[in-house]
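**Q** The structure that follows is given in the form of structure tokens.
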Amino acid sequence: MSEEILINITPMESRVAVVENGVLQEVYVERPQRRGIVGNIYKGKVVRVLPGMQAAFVDIGLDRAAFIHAAEISTREGNAVESISALVHEGQSLIVQVTKDPIAKKGARLTTQLSIPSRYLVYMPGSSHVGISLKIEEERERERLKQIVVECMRAEGIENAGGFILRTAAEGARREEILIDIRYLRRLWEQMAEQMKTAVAPSVIYQDLTLALRTLRDLVTPRIEKIRIDSRETFQRVNQFVAELMPELADRLEHYPGERPIFDLYGVEGEIQKALERKVVLKSGGYLIIDPAEAMTTIDVNTGAFVGHRTLEETIFKTNLEAAMTIARQLRLRNIGGIIIIDFIDMEDEEHRRQVLRTLEKQLERDHAKTNIIGITELGLVQMTRKRTRESLEQVLCEPCASCQGRGKLKTPETVCYEIFREILREARAYQAEGYRVLANQKVIDRLLDEESGNVADLESFIGRSIRFQVEINYSQEQYDVVLL
């Protein structure tokens with residue numbers, strides 16, 4: 047399987063695309079004014095304690111105060127968490143790390159359990175634990191890596207100076223490479239510890255890397271064959287970063303100097319546009335409808351034009367299998383997080399249900415975000431969760447429609463006409479006027495002068511006053527004003 051990473055840099059934004067066999071799998075967008083803050087460490091100030099919620103709000107210098115739960119402050123093991131009032135008080139300074147970006151109307155989520163990532167390791171200053179990514183499955187390799195970290199910590203004299211987690215990328219890493227990471231993380235932590243002593247709350251202590259450098263640290267696996275960058279300046283910066291920390295990637299870096307935009311060359315732009323649509327067409331002729339909502343995302347599977355060649359059950363099974371593979375890709379591509387409900391087409395055969403669920407699980411194994419399939423409900427719906435840390439692609443690139451206020455529907459011209467009639471009646475009862483002028487969208491005015499002209503005449507006769515109409519080209523279909531003459 048061929049995998050590539052494409053990095054597109056402009057002064058306005060940075061974008062990264064992960065492409066497998068020519069098909070876009072993931073896309074990341076970062077804009078200077080809206081950089082994600084997950085992983086950033088702040089010296090914040092507690093502005094409000096909420097005993098009933100076992101939580102507190104902390105000012106870290108953003109527009110909205112961030113939220114921290116008592117469990118993210120408490121040092122107790124297990125389920126016994128101290129009272130939030132015993133842990134913090136208003137006005138107190140607190141060193142915190144962002145675990146979730148602010149999303150919609152929710153503030154950032156915080157923890158005091160700090161962690162700092164490098165290529166192979168995550169350093170945890172407040173822990174003494176050495177852990178290993180679950181994606182490294184071979185027991186012998188897990189033991190080898192753990193032994194290397196323990197020996198390196200002993201050699202550096204830092205046995206009691208924090209803990210480490212070995213990342214998936216550490217599989218097969220040499221002792222020298224892991225030692226370099228340990229030294230880098232320790233130097234970084236010492237600098238931060240000094241800054242924490244003098245910093246005034248609220249202030250930034252540590253900012254995560256830019257998108258291009260985070261990509262190298264977090265997304266590059268042995269399967270990635272090429273990393274193509276279309277900015278010479280960024281390419282040079284990445285080259286320097288790789289030479290210092292990831293020399294094994296040097297031969298995979300490539301500067302793309304072509305005239306044609308790199309995302310156009312690989313068909314990424316078109317795929318991004320498709321990822322913003324509700325409907326996803328399957329090769330078989332079936333389709334998905336993806337509806338993100340505040341509480342969850344629902345995905346509906348339909349057979350569409352696909353009729354199969356044998357039986358209805360076979361048609362449904364093949365459609366659901368293709369849907370399972372497509373859903374896993376769409377979750378990554380759209381970066382959909384939280385609760386996800388999938389309504390596969392009903393299957394009578396228990397073995398078919400098992401295979402569809404297994405296909406979904408298998409495809410999700412390649413997802414960088416943590417996923418968990420809870421199972422199938424009595425109604426035949428698949429319940430799952432996907433860890434949400436950053437905004438979805440739709441939230442980054444779109445905003446609620448000004449006309450429909452995010453409903454995805456507009457009132458019909460007919461409905462708006464009847465609202466206007468009711469408004470005129472209210473005005474006629476409340477105020478004395480010579481007549482009324484209605485300002486509205488072209489479609490609404492057209493209907494008032496055509497299909498509703500009889501109703502307009504009846505209304506004029508009933509209130510004893512004239513009604514005039516004026517098209518406002520800047521008005522949306524639902525927008526209107528009734529003006530007294």
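Its first residue numbered 47, the sequence shown is counted upward by one per residue in my numbering. Cβ atoms here follow ideal geometry from the backbone N, Cα and C, with glycine treated the same way.
(1) Is it a yes or a no for the segment 239-252 touching the segment 199-218, going by three-plus beta-carbon pairs under 8 Å?
(2) With a 10 Å radius around its C-beta and 16 neighbouring C-beta atoms as the bar for buried, classify G426 as buried or exposed.
(3) Beta-carbon separation of R221 and I178 under 7 Å?
(4) Give the range of the alpha helix (DSSP H) segment to which K320 is assigned.
(5) Can you round the beta-carbon distance between A63 and G90 to whole angstroms, since I take them to be within the 8 Å contact cut?
(6) Sort out for me which residues DSSP pairs I513 with in a bridge.
(7) Suppose you measure from the CA of K192 to the CA of A219; what does that come to, to the nearest Å?
(8) Give the straight-line distance between the Cα atoms of L485 and E518, rounded to the nearest whole angstrom.
(9) Under the assumption that A479 contacts L439 (Cβ atoms under 8 Å), give the Cβ distance between them as a whole number of angstroms.
(10) Does the Cβ of V142 lie closer than 6 Å to at least one heavy atom of the ligand HEM?
(11) With DSSP as the reference, label Q193 as helix, strand or coil.
(12) Quick check: the Cα distance between M199 and R233, rounded to an integer number of angstroms?
(13) Taking the C-alpha atoms as reference points, what is the distance between Y88 and S330?
(14) Apart from the five residues on each side of it in sequence, which residues of its chain come closer than 7 Å, Cβ to Cβ, to G350?
(15) Are V529 and I470 touching if we call contact CB-CB under 7 Å?
(16) How is the beta strand (DSSP E) around A369 delimited, first residue to last?
(17) Look at the Cβ atom of E359, then the Cβ atom of S48, and state whether they are nearer than 7 Å.
(18) Does DSSP classify H398 as helix, strand or coil?
(19) With H, G and I counted as helix, E and B as strand and the rest as coil, what does DSSP make of R263?
(20) Between which residues of its own chain and L494 is the CB-CB distance below 8 Å, once the five residues before and five after are set aside?
(21) Flag this pair as touching only if the segment 95-110 and the segment 260-279 have three or more C-beta atom pairs under 8 Å; answer yes or no.
(22) Give a yes or no on contact between the segment 379-396 and the segment 416-436, applying the rule of three or more CB pairs nearer than 8 Å.
(23) In whole angstroms, what is the alpha-carbon distance linking N54 and V288?
(24) Does T244 come out as helix, strand or coil in the three-state DSSP assignment?
(25) Determine the extent of the beta strand (DSSP E) in which S60 is found, giving its start and end residues.
(26) Should R165 and D227 be called a contact, given that it needs their Cβ atoms to be closer than 7 Å?
(27) Report, in whole angstroms, the separation of the C-beta atoms of L443 and C450, which I expect to be a contact under 8 Å.
(28) Helix, strand or coil for G172? Go by DSSP, reduced to three states.
(29) In three-state terms, what does DSSP make of A102?
**A** Short version:
(1) no
(2) The residue you call residue 426 lines up with position 380 of the sequence shown. Burial call: exposed.
(3) On the sequence shown, residue 221 is found 175 positions in, with the first residue counted as 1. On the sequence shown, residue 178 is found 132 positions in, with the first residue counted as 1. It is not a contact, given that the beta carbons lie outside the stated cut-off.
(4) Counting from one through the sequence shown, the residue named residue 320 turns up at place 274. From DSSP, the alpha helix (DSSP H) with K320 extends over V314 to K320.
(5) Taking the sequence shown and counting its residues from 1, one reaches residue 63 at position 17. Taking the sequence shown and counting its residues from 1, one reaches residue 90 at position 44. So it is not a contact: roughly 35 Å between Cβ atoms.
(6) Translated into the one-based positions of the sequence shown, residue 513 becomes position 467. DSSP lists Y482 as partners of I513.
(7) Position 146 of the sequence shown, counted from the first residue, corresponds to residue 192. Position 173 of the sequence shown, counted from the first residue, corresponds to residue 219. Answer to the nearest angstrom: the Cα atoms are 12 Å apart.
(8) Residue 485 sits at position 439 when you count from the first residue of the sequence shown. Residue 518 sits at position 472 when you count from the first residue of the sequence shown. Their Cα atoms are separated by approximately 6 Å.
(9) As a first step, residue 479 must be located in the sequence shown, where it is residue number 433. As a first step, residue 439 must be located in the sequence shown, where it is residue number 393. Between L439 and A479 the Cβ distance is about 51 Å, and since that is not below 8 Å, they are no contact.
(10) Absent from the structure shown: the ligand HEM. Ligands present: none.
(11) As a position in the sequence shown, residue 193 is number 147, starting the count at 1. Helix at Q193.
(12) One-based indexing of the sequence shown puts residue 199 at position 153. One-based indexing of the sequence shown puts residue 233 at position 187. C-alpha separation (whole angstroms): 14 Å.
(13) Within the sequence shown, the letter at position 42 stands for residue 88. Within the sequence shown, the letter at position 284 stands for residue 330. Roughly 50 Å separates the two Cα atoms.
(14) Against the sequence shown, residue 350 aligns to sequence position 304. Answer for G350: G331, G332 and Y333, listed in chain order.
(15) Position 483 of the sequence shown, counted from the first residue, corresponds to residue 529. Position 424 of the sequence shown, counted from the first residue, corresponds to residue 470. No, the pair does not count as a contact, with Cβ atoms beyond the cut-off.
(16) The residue labelled residue 369 in the question sits at position 323 within the sequence shown. No beta strand (DSSP E) holds A369; the alpha helix (DSSP H) holding it covers L358 to R380.
(17) The residue given as residue 359 occupies position 313 in the sequence shown. The residue given as residue 48 occupies position 2 in the sequence shown. Cβ atoms of E359 and S48: not closer than 7 Å.
(18) In the sequence shown, counting from the first residue as 1, residue 398 sits at position 352. Residue state, collapsed to three classes: helix.
(19) If you number the sequence shown from 1, residue 263 lands on position 217. Looking at R263 - three-state DSSP - the assignment turns out to be helix.
(20) For this step, residue 494 is matched to residue 448 along the sequence shown. For L494, where only same-chain residues beyond five positions count, the Cβ hits under 8 Å are C463, I466, V484, A486, V502 and F515.
(21) no
(22) yes
(23) On the sequence shown, residue 54 is found 8 positions in, with the first residue counted as 1. On the sequence shown, residue 288 is found 242 positions in, with the first residue counted as 1. N54 and V288: Cα-Cα distance of roughly 18 Å.
(24) Mapped onto the sequence shown, residue 244 falls at position 198. Helix.
(25) Residue 60 sits at position 14 when you count from the first residue of the sequence shown. From DSSP, the beta strand (DSSP E) with S60 extends over S60 to E66.
(26) Here the question's residue 165 lines up with position 119 in the sequence shown. Here the question's residue 227 lines up with position 181 in the sequence shown. Cβ distance < 7 Å, so R165 and D227 count as in contact.
(27) Counted from its first residue, the sequence shown places residue 443 at position 397. Counted from its first residue, the sequence shown places residue 450 at position 404. About 18 Å; that fails the 8 Å criterion.
(28) In the sequence shown, residue 172 corresponds to position 126, counting from 1. Reduced to three states, the DSSP call for G172 is coil.
(29) Mapped onto the sequence shown, residue 102 falls at position 56. Looking at A102 - three-state DSSP - the assignment turns out to be strand.
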